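Take a look at the structure below.
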Amino acid sequence: MTVEKIFERDAYAQRCDAVVVSAGSDGIALDRTVFYAMGGGQPGDQGVLRQADGDDIEIIDTRKGDGPGDILHIPAEGAALPAVGAKLVAEIDWQRRHRLMRIHTCLHLLCSLVDWPVTGGQISDGRGRLDFDVAEVNFDKASLTAGLNRLIGENHPVASRWISDQELNDQPDLVRTMSVRPPSGQGRVRLLDIDGVDLQACGGTHVAATGEIGPVEVVKIENKGRRNRRVVVAFAQA
Ligand SMILES: [Zn+2]
15 MTVEKIFERD
25 AYAQRCDAVV
35 VSAGSDGIAL
45 DRTVFYAMGG
55 GQPGDQGVLR
65 QADGDDIEII
75 DTRKGDGPGD
85 ILHIPAEGAA
95 LPAVGAKLVA
105 EIDWQRRHRL
115 MRIHTCLHLL
125 CSLVDWPVTG
135 GQISDGRGRL
145 DFDVAEVNFD
155 KASLTAGLNR
165 LIGENHPVAS
175 RWISDQELND
185 QPDLVRTMSV
195 RPPSGQGRVR
205 LLDIDGVDLQ
215 ACGGTHVAAT
225 GEIGPVEVVK
235 IENKGRRNRR
245 VVVAFAQA
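Numbering (the working numbering), first residue to last: 15 to 252.
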């Protein structure tokens with residue numbers, strides 16, 4: 015069965031009712047979930063599965079399973095597993111997820127400011143990075159920081175929509191990353207549209223408008239090889 019991925023249509027959903035489909039030491043599968051599974055450079059969610067008897071199961075990570083679209087909620091070591099068929103409430107660590115959404119959306123803004131192919135990216139709590147396939151850079155920390163904060167201040171709306179795999183193949187420029195392909199093979203691909211700023215295939219979670227990201231700072235531009243410049247962005251220190 016296909017798990018209903020509530021985070022794909024509503025990144026702000028913090029909890030949902032769900033039924034346990036399978037439970038093992040490698041993870042717990044539900045019929046629907048608000049937990050984002052690690053992918054596209056974004057970490058998997060953490061949180062709890064709240065059972066009817068009051069026992070909470072701590073979830074330390076969320077990963078994709080073997081089947082296409084499968085999502086496994088990884089329990090803390092030693093946690094008791096729920097019974098298959100049990101009803102529970104799945105609830106993410108929202109504070110952490112919201113920080114990840116803000117940084118993730120900020121990386122889209124960074125993409126729009128740096129006109130070079132992206133070879134990789136990573137999001138962690140409070141910071142994120144993109145690697146660009148470029149030998150000589152014509153940007154610096156101060157100019158990128160100013161550009162990002164301008165786009166954040168302009169509060170551009172962020173929206174997603176679906177297109178078919180075929181439509182994506184017909185518009186290869188919608189894929190910015192050379193190494194991270196968007197999730198495909200399910201007949202459709204999600205487009206992330208920051209109005210007037212950036213449009214690309216992406217399966218992650220984002221804030222609803224760029225102003226929600228808050229002030230950021232480019233903290234590092236690293237030389238990671240002959241044609242690889244790594245740009246690291248973090249929330250500005252208050
Ligand atoms: Zn994205």
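Note that beta-carbon positions come from the ideal geometry of N, C-alpha and C, so glycine has one too.
Only a predicted model underlies this, so the values are computations on that prediction, with no experimental measurement involved.
Classify residue i as helix, strand or coil using the three-state DSSP reduction.
i, result
"residue 213", "strand"
"residue 16", "coil"
"residue 47", "strand"
"residue 164", "helix"
"residue 186", "helix"
"residue 105", "strand"
"residue 240", "coil"
"residue 24", "coil"
"residue 154", "coil"
"residue 179", "helix"
"residue 95", "coil"
Going by DSSP, what residue range makes up the beta strand (DSSP E) through residue i?
i, result
"residue 133", "132 to 138"
"residue 231", "230 to 237"
"residue 65", "61 to 65"
Are residue i and residue j close, meaning C-beta to C-beta below 9 Å?
i, j, result
"residue 82", "residue 139", "no"
"residue 102", "residue 64", "yes"
"residue 71", "residue 43", "no"
"residue 174", "residue 125", "no"
"residue 166", "residue 230", "yes"
"residue 86", "residue 123", "no"
"residue 143", "residue 135", "yes"
"residue 240", "residue 145", "no"
"residue 59", "residue 66", "no"
"residue 219", "residue 114", "yes"
"residue 46", "residue 20", "yes"
"residue 210", "residue 178", "no"
"residue 106", "residue 49", "yes"
"residue 208", "residue 154", "no"
"residue 6", "residue 33", "The shown model of the chain, from 15 to 252, leaves out residue 6, and the question about it has no answer."
"residue 169", "residue 224", "yes"
"residue 171", "residue 250", "no"
"residue 151", "residue 182", "no"
For residue i, write down the residues that DSSP places opposite it in a beta bridge.
i, result
"residue 87", "42, 76"
"residue 246", "143, 234"
"residue 206", "174, 214"
"residue 32", "102"
"residue 56", "53"
"residue 253", "No statement about residue 253 is possible, as the shown extent of the chain runs from 15 to 252 and does not include it."
"residue 71", "63"
"residue 37", "42"
Just checking: is the beta-carbon of residue i within a distance shorter than 9 Å of some beta-carbon in chain B?
i, result
"residue 109", "Of the protein chains in the structure, only one exists, and it is not chain B."
Below 5 Å from a heavy atom of ligand 1 - residues by beta-carbon: These are the residues, in chain order, with a beta carbon less than 5 Å from any non-hydrogen atom of ligand 1: 206, 216, 218.
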